[in-house]
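Asks:
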């Protein structure tokens, strides 16, 4: 009897110990809450509710806007993505997804094959917010073995407190665990929203293929075999990154070729940026990622493909999907100071209309604007947003006025003191009564009306 | 494999599991447990070579590496075992012969002959064991010093042979010596099972840093094996947990501060070095006692109680008392195998005899106590490390003990004359503080790399006061910020409080009588403190135990 009692005591002790460790673990987990939000968005979704799960590195969430897809097509595809997610973890992420969404389409970003295994930081990104399960243990072991990490050093990926406990003296400064942002994986970090980088010079168009690195070939084989054996509904995508050099581009092309030859639907989009409508001068925030303007275009392009090729129903208006409406509305509110209203509709674009060059002159409480003509434009739309100099929220972009092609200046009068005003001008051309929108300065030009006194 | 690693914890769990599976097979299963420990200990000892072999296959390099790393310890173990068999055999034959012989003269001859033969085996065994220790540990030190002399004589220099220092050589050699001497002195019967004996020498909880156990006590616990006991497991785990607290929370955090000061000693003067030295004394205690508590706890889980090594040494009121409380198994060893033999040697006896009847009687008494102490402290110093600073440290303590002996009576008379109440708390506190301060002074020799460096540290210590370094703007810049410093102080307080309670009550037994909720809360609090405040993991690179180097 005492043996049973002791055994019961030991079991209860160990269970409480596990709870304690888990509690401490969650307090000390790394503080990259962008990953927390993305992972939470996926885990919070009820079983069998998603049309698709988009798995991959940052190339996934910086290209795919789940809320835009919902707004325009009523489809539910959430990114299950982590910065620099390496190829070796793709299989485990699909398994993680299929636990709750077994019938969803798994869109796999082949750009993850740029690296086979993660470095220590990205290994933590992978595991810190992933729920504890056998699948997680398998992934940690596989990635650990491939990275030559001994089993006892892999423990830090299952119990992050081992690495992060030294951060105890900073705990009071950081929010312990933030509230989920309920944005369905829609991202809103500042570089993505407000940076523009001209990547025209570095963009590498190539159809070349090369031999695949042995480690990556092994990972690819494991991934494809798993998809075949478990009959995973999968779509492979190679997203258009600008910083691919000849070598890595050729290898990724070869990988995309293998997936296609094995009978998996595959979209190699690196050479299709014109088809997508991406502008290399304005739609990227760095060589690897599109900014919000580029991602809206990419999302619409992919939505077209998905709705054409898959039997996805438009679920807008259904009560059980009201959370998607709320997320979408919230997200629009967060990005309205970065994108113009027409970008959120389904505009026709004419990239032959170049972005006008804008100048500003402050005249008391007025700002005199001038812009260069855009060849072929038959009119211009002037947008403005403002923000107090002392700090605070910016207003959304709002349309000030529209002008004919002959008007290249405007005086914005009676403006508030102590306020920064930002302007952008969009050239337009009407063809068959349809407005075609040209290129425009995504960041805009800012002028400041100084505070009185 | 470090004692402070997940690898070691997993190793212990696996071995415990197998160990107690054997106990389920009755008497024979339990008798086989010693073989489980032997295999486990050999695996532990050769782990750095064995593990790559287990993982990637055994190449000839790995196999030869395993044999190489085992050679030192196995030679000492087998030679001391054989010496035990031979000496024990001599004593057995002697006993038989004496039984068969009534003639006292003949008995004397038998005894003389037996003793001569036994002594021969003893000397041979000691030569091998001590010789190996000397060659492995002191060859570089010897060559270095010979080279100094050769240099002065204008002769060429010698080159030290590249010999691998076997892990725990200072500890297992002393255990082997104690066994052979005990057999020689007929303290107990010799061991006939070589595996049982080798499992004692190589026993993984004590092979790296001790405690220096005695074979008779060890084998008595192992003889019939160990039945699974819930108490052994829980008591052992609790002790090990406390050991982890001492090591990871107390010692290693202090270590950050101490290393910061001592690592840049030329930049500092005065009070901050004093503080670092005081803290170093606490660190070395928490580090070593922590390690011993870990291994004693683990061993207790195997049903084997190891020698106690610490008895709250900083509560000692005199230096001799300190050494009865600090590294007790080593000091007991020195007492039994060096101090007593020297103090009963012909030389000491004859000095005592010749000074007995004249005015030199007091000198004779002092010589009888001080001379063995001097020898013990010389050996203690050199045992701790092949360097002159350790010798100086030993000599410092020898001086303290000898001066203590010389002035014992005059000081007692003086305190009486001054009407000092030696039973009062204030006097005891003064005594404890004095002992601690003397101990701290000795630590400077211990911590410094050389004697020259030790004197440099003393010079820096007394060159200026630099009190401003204790101001927050400075104090929290030596590796520990204000929070870490606070955690350090609190953890030292906990260590002190636990020692204080233990000094008066049997803490573990008292705790075991408390309600389960209270006990578990304490355990979880200790675990949480280690998890959160412990200096371990990839951000820290947990430091090695200080006593591992000996």
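Chains as they are written, first to last, in the working numbering: chain A, 4 to 456; chain B, 14 to 563.
Positions of the beta carbon are idealized from the N, C-alpha and C atoms, including for glycine.
These numbers come from a predicted model, not from an experiment.
#1: Hey, out of A:63, A:40, A:136, whose CA is closest to residue 25 of chain A's CA?
#2: Is any beta-carbon of chain A found at less than 8 Å from that of residue 533 of chain B?
#3: Under a CB-based cut-off of 8 Å, is residue 158 of chain A close to chain B?
#4: Using a 10 Å radius around the Cβ and a threshold of 16 neighbouring Cβ atoms, would you call residue 217 of chain B buried or exposed?
#5: Can you give the Cα-Cα distance for residue 50 of chain A and residue 100 of chain A, rounded to whole angstroms?
#6: Roughly how many whole angstroms lie between the Cα atoms of residue 280 of chain B and residue 467 of chain B?
#7: What three-state label does DSSP hand residue 334 of chain B in the structure shown?
#8: When the Cα atoms are used, what is the spatial distance from residue 39 of chain A to residue 334 of chain A?
#9: Below 9 Å between beta carbons is the criterion; list the residues of the segment 521-552 of chain B that meet it against any residue of chain A, in chain order.
#10: What residues from the segment 418-431 of chain A come within 8 Å of chain B, judged by C-beta to C-beta, listed N to C?
#11: Check distances from the C-beta atoms of the segment 208-224 of chain B to those of chain A and list, in chain order, the residues that come in under 8 Å.
#12: Which residue marks the beginning of the beta strand (DSSP E) containing residue 56 of chain A, and which one marks its end?
#13: Which residue spans inside the segment 203-244 of chain A form an unbroken beta strand (DSSP E) run of at least 3?
#14: DSSP state of residue 423 of chain A, grouped into three classes?
#15: Got a sec? Which residues, its chain only, sit under 6 Å from residue 448 of chain A by beta carbon, not counting five neighbours each side?
#16: Ordered along the chain, which non-local residues of its own chain (more than five positions away) have a Cβ less than 7 Å from that of residue 138 of chain A?
#17: Buried or exposed for residue 272 of chain A, please, with buried defined as at least 16 other CB atoms from any protein chain shown within 10 angstroms of its CB.
#18: Tell me, which residues are paired with residue 374 of chain A by DSSP?
#19: Would you say residue 168 of chain A lies against chain B (beta-carbon separation less than 8 Å)?
#20: Under a Cβ-count criterion, where at least 16 other Cβ atoms within 10 Å of its own Cβ denotes burial, should residue 401 of chain B be classed as buried or exposed?
#21: State the DSSP-derived secondary structure class of residue 346 of chain A, mapped to helix, strand or coil.
#22: Compute the Euclidean distance between the alpha carbons of residue 19 of chain A and residue 500 of chain B, then round it to the nearest angstrom.
#23: Determine which residues share a DSSP beta bridge with residue 441 of chain A and list them.
#24: For residue 265 of chain A, which three-state DSSP category applies?
#25: Taking the alpha carbon of residue 103 of chain A as the point to measure from, which residue in A:301, A:44, A:263 has its own alpha carbon closest?
#26: Report the residue ranges of all beta strand (DSSP E) runs contained in full by the segment 94-133 of chain A; include only those spanning at least 3 residues, in chain order.
#27: Residues bridged to residue 271 of chain A by DSSP?
#28: Between the segment 140-157 of chain A and chain B, which residues of the former have CB atoms less than 7 Å from a CB of the latter, in chain order?
#29: Starting from residue 18 of chain B, find everything on chain A with Cβ-Cβ shorter than 8 Å and list it in chain order.
#30: Terminal residues of the continuous alpha helix (DSSP H) containing residue 406 of chain A?
#31: Quick one: complete beta strand (DSSP E) runs, 3+ long, within the segment 405-483 of chain B?
#32: Pull up the DSSP beta-bridge partners for residue 389 of chain A, would you.
#33: Contact between the segment 455-462 of chain B and the segment 405-415 of chain B is defined here as three or more beta-carbon pairs at a separation below 8 Å; is this criterion met?
#34: Could you run through the segment 486-500 of chain B and flag, in chain order, every residue whose CB is less than 7 Å away from some CB of chain A?
#35: Using Cβ-Cβ distances below 8 Å, what residues of the segment 31-53 of chain B are close to chain A?
#36: Please list the terminal residues of the continuous alpha helix (DSSP H) segment that includes residue 375 of chain B.
Replies: Here's the rundown:
#1: In the first chain, counting from the first residue as 1, residue 25 of chain A sits at position 22. Of the candidates A:63, A:40, A:136, the one whose C-alpha sits nearest the C-alpha of residue 25 of chain A is A:136.
#2: Position 520 of the second chain, counting from 1, holds the residue named residue 533 of chain B. Yes, residue 533 of chain B lies at the interface with chain A (some Cβ there is under 8 Å from its Cβ).
#3: The residue labelled residue 158 of chain A in the question sits at position 155 within the first chain. Yes - at least one Cβ of chain B is within 8 Å of the one on residue 158 of chain A.
#4: Indexing the second chain from 1 puts residue 217 of chain B at position 204. Buried.
#5: Counting from one through the first chain, the residue named residue 50 of chain A turns up at place 47. Counting from one through the first chain, the residue named residue 100 of chain A turns up at place 97. Computed Cα separation, rounded: 10 Å.
#6: Here residue 280 of chain B is taken as the residue at index 267 of the second chain, counted from 1. Here residue 467 of chain B is taken as the residue at index 454 of the second chain, counted from 1. Cα to Cα, the separation comes out at about 15 Å.
#7: Within the second chain, residue 334 of chain B is the residue found at index 321, counting from 1. DSSP, reduced to helix, strand and coil, places residue 334 of chain B within a helical segment of the structure shown.
#8: Position 36 of the first chain, counted from the first residue, corresponds to residue 39 of chain A. Position 331 of the first chain, counted from the first residue, corresponds to residue 334 of chain A. Rounded to the nearest angstrom, the two C-alpha atoms are 17 Å apart.
#9: 529, 533, 536, 537, 540, 541, 544, 545, 546, 547, 548, 549, 550, 551, 552
#10: none
#11: none
#12: By one-based count along the first chain, residue 56 of chain A stands at place 53. 55-59 is the span of the beta strand (DSSP E), which, as asked, contains residue 56 of chain A.
#13: 237-241
#14: For the purposes of this step, residue 423 of chain A is taken as the residue at position 420 of the first chain. Strand, per DSSP.
#15: Here the question's residue 448 of chain A lines up with position 445 in the first chain. 361, 363, 426.
#16: Counting from 1 along the first chain, the entry for residue 138 of chain A is found at position 135. Only 95, 98, 99 meet the Cβ criterion.
#17: Taking the first residue of the first chain as 1, we reach residue 272 of chain A at position 269. So residue 272 of chain A counts as buried.
#18: Here residue 374 of chain A corresponds to residue number 371 of the first chain, with the count starting at 1. In the DSSP output, where bridge partners are listed per residue, residue 374 of chain A has A:361.
#19: Position 165 of the first chain holds residue 168 of chain A. For residue 168 of chain A, the answer is yes, since a Cβ of chain B falls inside 8 Å of its Cβ.
#20: By 1-based counting over the second chain, the position of residue 401 of chain B is 388. So residue 401 of chain B ends up on the buried side.
#21: The residue you call residue 346 of chain A lines up with position 343 of the first chain. Note: residue 346 of chain A maps to helix in three-state DSSP.
#22: Start at 1 with the first residue of the first chain, and residue 19 of chain A comes out as number 16. Start at 1 with the first residue of the second chain, and residue 500 of chain B comes out as number 487. Looking at the two C-alpha atoms, the distance is approximately 25 Å.
#23: Within the first chain, numbered from 1, the residue matching residue 441 of chain A stands at position 438. Its beta-bridge partners do not exist; DSSP assigns none.
#24: Within the first chain, residue 265 of chain A is the residue found at index 262, counting from 1. Of the three classes helix, strand and coil, the one that applies to residue 265 of chain A here is coil, per DSSP.
#25: Along the first chain, read from residue 1 onward, the residue named residue 103 of chain A stands at position 100. From the listed residues A:301, A:44, A:263, the smallest Cα separation to residue 103 of chain A is found for A:44.
#26: Secondary structure in the segment 94-133 of chain A: the beta strand (DSSP E) runs of 3 residues or longer, each lying completely within the stretch, are 108-112 in chain order.
#27: If you number the first chain from 1, residue 271 of chain A lands on position 268. Note: residue 271 of chain A sits in a beta bridge opposite A:241.
#28: 155
#29: Position 5 of the second chain, counted from the start, is the residue given in the question as residue 18 of chain B. Result: 155.
#30: Numbered from its first residue, the first chain carries residue 406 of chain A at position 403. Per DSSP, residue 406 of chain A belongs to no alpha helix (DSSP H); it is in the beta strand (DSSP E), 401-407.
#31: none
#32: Along the first chain, one-based indexing puts residue 389 of chain A at 386. BP columns for residue 389 of chain A point to A:424.
#33: yes
#34: 494, 496, 497
#35: none
#36: Numbered from its first residue, the second chain carries residue 375 of chain B at position 362. For residue 375 of chain B, the enclosing alpha helix (DSSP H) covers residues 374-397.
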